[in-house]
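A.B. asks: Quick note on numbering: my numbering labels position 36 of the sequence shown as 48, and the sequence is numbered without any gaps.
Built from N, CA and C at the ideal position, the CB exists for glycine as well.
Small disclaimer: the values here were computed from a predicted structure and weren't measured.
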Amino acid sequence: MKKLGLFVLVLVIAGATELSANDYVIFVHGRSGSNHCGTGTSDVNNYWGSAKNISTSLTRYYVGYDGTSDPRSWGSCRAQSNLYSVLEARCTGSNWCKLICHSAGCYATEYFLDKSSKSYNIDWVMASSSAAGGSELANLAFWESNSMVDALKTGNARGSYNHNDTKGVGIWALAGYKGVWYDSWYLPGEDDGAVSFHSTCGSSSTGSYNVCNMAKYSYHYIWSGSTNNNNNYSSSKQGYYRTHVGDNSSSINDATRLEWNDCRSYGWGCN
Numbered sequence: 013m014k015k016l017g018l019f020v021l022v023l024v025i026a027g028a029t030e031l032s033a034n035d036y037v038i039f040v041h042g043r044s045g046s047n048h049c050g051t052g053t054s055d056v057n058n059y060w061g062s063a064k065n066i067s068t069s070l071t072r073y074y075v076g077y078d079g080t081s082d083p084r085s086w087g088s089c090r091a092q093s094n095l096y097s098v099l100e101a102r103c104t105g106s107n108w109c110k111l112i113c114h115s116a117g118c119y120a121t122e123y124f125l126d127k128s129s130k131s132y133n134i135d136w137v138m139a140s141s142s143a144a145g146g147s148e149l150a151n152l153a154f155w156e157s158n159s160m161v162d163a164l165k166t167g168n169a170r171g172s173y174n175h176n177d178t179k180g181v182g183i184w185a186l187a188g189y190k191g192v193w194y195d196s197w198y199l200p201g202e203d204d205g206a207v208s209f210h211s212t213c214g215s216s217s218t219g220s221y222n223v224c225n226m227a228k229y230s231y232h233y234i235w236s237g238s239t240n241n242n243n244n245y246s247s248s249k250q251g252y253y254r255t256h257v258g259d260n261s262s263s264i265n266d267a268t269r270l271e272w273n274d275c276r277s278y279g280w281g282c283n
């Protein structure tokens, strides 16, 4: 009877441990003229719009910060501090996370992974129009000057951390190439109106690329696109005919939402 009681106790403890384990989806936003400060389940100031309405059974958390600040900075309402708070609370122990980042949010995420002294339980990062490689528009002072824009200069973005050190976390790129002429004039190769393929595809160097098949940093991959043509994925470009901003049917974040939904419906690991 004592052995049976001990066995039952072990099962109860194991079951309690299993029940306490949780998975989460973490959203990390990009450049913005607004302050989205927060680390909870609310999309402060609605950065993500309808793009956050993914089909999921998981709780969503939002890393929000001052969208004009340097994504590498720490402090009140800063990207690194709030990213640390969310990952520490949600992506350690028996808990695991999937990250969805957009634009400079991918810059902030990759910077954090490299500089962190520990590894977190992150399955992968879905990088929507990543600005981790910087933008020529920042180089040319195309946008209103602030700390974010200065950080987005290609030299700063590429030179401030080791892009190959993701602590083994895969960065899966969704790159857009529906640019607009007045922005695309200054951006090399294919672009989405804000960043070029060399940044969004995880290229290990700046350059003019029309396809996302260039040499990449370690652990950087291309999200290959589903069979759903409504997502506007081009296998020849390895990217999406989508723009950088917005949450409507022409934006890269809308494609990201649809790709997540397809991933879940196909049983590919998007819970």
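Between which two residues does the beta strand (DSSP E) holding M138 run?
C.D. replies: I134 to S140 is the span of the beta strand (DSSP E), which, as asked, contains M138.
A.B. asks: Cα-Cα, which of Y245, S129 and G201 is closest to M226?
C.D. replies: Nearest of Y245, S129 and G201 to M226, Cα basis: G201.
A.B. asks: Using a 10 Å radius around the Cβ and a threshold of 16 neighbouring Cβ atoms, would you call L23 buried or exposed?
C.D. replies: At L23 the pLDDT is 33, less than 50, meaning the model places this residue with poor confidence and gives no usable figure here.
A.B. asks: Count the other CB atoms, across all protein chains shown, that sit within 10 Å of the CB of K110; report buried if there are 16 or more and exposed otherwise.
C.D. replies: By the neighbour-count rule (16 or more Cβ atoms within 10 Å), K110 is buried.
A.B. asks: Within 10 angstroms of the Cβ of K64, are there 16 or more other Cβ atoms? Answer buried if so, exposed if not.
C.D. replies: That one is buried.
A.B. asks: Which residue comes first and which comes last in the beta strand (DSSP E) that contains K110?
C.D. replies: W108 to H114 is the span of the beta strand (DSSP E), which, as asked, contains K110.
A.B. asks: What does the alpha-carbon distance come out to for the pair G214 and D195?
C.D. replies: For G214 and D195, the distance between alpha carbons rounds to 20 Å.
A.B. asks: Taking the beta strand (DSSP E) that T186 falls in, what are its first and last residues?
C.D. replies: According to the sequence provided, residue 186 is Leu. The question's Thr does not apply to it. G182 to L186 is the extent of the beta strand (DSSP E) around L186.
A.B. asks: Inspect the CB distances between the segment 131-139 and the segment 102-118 and report whether three or more fall short of 8 Å.
C.D. replies: At 8 Å Cβ cutoff, the stretches touch.
A.B. asks: Starting from the C-beta of E148, find all residues in its chain whose C-beta is less than 6 Å away, skip the five residues before and the five after it, and write them out in chain order.
C.D. replies: Counting only Cβ-Cβ distances below 6 Å, and skipping sequence neighbours, we find Y198 and L199.
A.B. asks: Have a look at V75 and C224 and give me their C-alpha separation to the nearest angstrom.
C.D. replies: Between V75 and C224, the C-alpha separation is close to 28 Å.
A.B. asks: Is T178 helix, strand or coil by DSSP?
C.D. replies: Note: T178 maps to coil in three-state DSSP.
A.B. asks: Taking all protein chains shown into account, decide if G50 is buried (16 or more other Cβ within 10 angstroms of its Cβ) or exposed.
C.D. replies: Burial call: buried.
A.B. asks: Whole angstroms are fine: how far does the CA of R84 sit from the CA of A26?
C.D. replies: Residue confidence for A26 is low, a pLDDT of 40 falling below 50, so the modelled location carries little weight; the figure read from the coordinates is stated next. Rounded to the nearest angstrom, the two C-alpha atoms are 40 Å apart.
A.B. asks: So if DSSP puts R72 in a beta bridge, which residue, or which two residues, is it bridged to?
C.D. replies: Paired residue(s): V37.
A.B. asks: Just to confirm my understanding: we take N57, look at its own chain, exclude 5 residues before and 5 after, and list those with CB closer than 6 Å. What are they?
C.D. replies: Around N57: S46 and H48.
A.B. asks: Measure the C-alpha to C-alpha separation of D162 and N151 and round it to an integer number of angstroms.
C.D. replies: Answer to the nearest angstrom: the Cα atoms are 8 Å apart.
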